[in-house]
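Taking it in order: structure first as structure tokens, then the write-up.
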Amino acid sequence: MFGFVRTLAVGLGENASPPVEDYYLPDLSALNKVLRTLDLSTNRLRELPSSVCDLSSLKHLNLNANRLETLPDEIGRLTKLESISVVSNLLISLPVSMSQLKHLKSVILSDNKITEFPIMLCGLAQLDVVDLSGNQITCVPDGIENLQAVEVNLNMNQVSVMYNWLQEF
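For any residue, its number in the working numbering is found by taking its place in the sequence shown, counting from 1, and adding 1496.
As structure tokens, this is what we get:
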């Protein structure tokens, strides 16, 4: 049915009808080998459909403007993922399995409820951009000096403690 689809955007959230979680989202496993970009933004999702973590060729994932409080541990199976955007959700933390996403170049997590800097991102050598603006982060821990990112945005947080790494600059 979707044999040649490379990009799929599902946007039902602006409808006056019930939230998307009340609908049946199609099983995306048929797109496993071909889908490169998936946009599930503005769908009022409370959890990521499990079939998304089986999309082994996925490179770009947009989950902006939903109601996600967590990402599943299985997200670490998206080993070809290059960018993930989870803006304006309710995330408190990230699963440790994100450290397995070795091809990640961009992680945009602004306007959530994240309280601790996700230290697992520091081991991702290809990471260029980390946006954690508009969260509730209070300290930037030691270990961040290993972060290879060119841009790290921590604006609009509650950072009051910056450890030794900052003195090196």
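Beta carbons: idealized from backbone N, C-alpha and C, even for Gly.
The model shown is predicted, which means the values in this text are computed figures rather than measured ones.
I need the straight-line Cα distance from residue i to residue j, nearest angstrom please.
i     : j     : result
R1563 : V1582 : 10 Å
K1601 : S1525 : 25 Å
P1568 : L1544 : 7 Å
I1588 : T1611 : 6 Å
N1608 : S1537 : 14 Å
R1532 : H1556 : 6 Å
V1636 : L1623 : 18 Å
I1666 : V1548 : There is no way to answer for residue 1666, as the model of the chain reaches only from 1497 to 1665.
L1577 : S1546 : 16 Å
N1558 : I1604 : 9 Å
What is the DSSP secondary structure of residue i, reduced to helix, strand or coil?
i     : result
S1606 : coil
V1648 : strand
M1497 : Note that M1497 has pLDDT 45, beneath the 50 cutoff, so the model's placement of it is unreliable and the number below is only indicative. Note: M1497 maps to coil in three-state DSSP.
N1558 : strand
V1583 : coil
V1626 : strand
D1569 : helix
V1530 : coil
V1548 : helix
Going by beta carbon distance, what residues of the same chain come within less than 8 Å of residue i, once the five residues before and after it are set aside?
i     : result
N1528 : D1550, L1551, S1552, S1553
P1591 : T1566, L1567, P1568, D1569, I1571, G1572
Q1654 : Q1632, I1633, T1634
Which same chain residues, not among the five before or five after residue i, have their C-beta less than 6 Å away from its C-beta?
i     : result
N1651 : S1629
S1606 : V1583, D1627, S1629, G1630
D1523 : S1547
S1595 : M1616, G1619
L1643 : C1618
Which residues in the same chain have their Cβ closer than 7 Å to the Cβ of residue i, if we skip the five residues on either side of it in sequence?
i     : result
L1678 : Because residue 1678 is not part of the residues shown, which for the chain are 1497 to 1665, the question remains open.
L1597 : G1572, L1574, T1575, L1577, L1620
Assuming residue i contacts residue j under a Cβ cut-off of 8 Å, what Cβ separation, rounded to an integer in Å, is found between them?
i     : j     : result
L1617 : V1626 : 6 Å
V1657 : T1634 : 7 Å
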